[in-house]
Amino acid sequence: MSENSIWDALESARDKAKEREQEEMQRVEDADNHEQQRAASSRVAARQAVRETLDDILAQREG
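The sequence shown begins at 1 in full-length UniProt numbering and counts up one residue at a time.
In structure tokens:
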């Protein structure tokens with residue numbers, strides 16, 4: 001795997017993580033009860049952490 005394809009894969013993973021984060025945020029809003037809302041909120045936090053980590057990695061390439 002070339003260096004460019006690694007960076008491309010990281011960018012793709014970051015974009016997918018952002019999409020999934022937004023989907024989970026919608027689930028928080030659509031939750032019927034506190035338990036569903038709490039579970040979706042946990043998933044939002046996890047996906048956000050992954051996306052932020054990928055953002056940090058990609059920023060190092062630009063910096």
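Ideal Cβ positions, reconstructed from N, Cα and C, are used throughout, including at glycine.
Could you tell me whether the Cβ atoms of residue i and residue j are closer together than 8 Å?
i	j	result
R14	D55	yes
Q48	E21	yes
Q40	E24	A small fix is needed here, since residue 40 is Ala in this sequence, not Gln. In contact: A40 and E24 (Cβ atoms closer than 8 Å).
Measure the C-alpha to C-alpha separation of residue i and residue j and round it to an integer number of angstroms.
i	j	result
E11	A46	18 Å
S5	H34	42 Å
R43	R27	10 Å
W7	V50	16 Å
M1	A9	10 Å
E62	E3	14 Å
D30	Q36	9 Å
Starting from the N-terminal side, write out each stretch of the alpha helix (DSSP H) that is 4 residues or longer and does not extend beyond the UniProt region "Disordered" (1-47). 3-30
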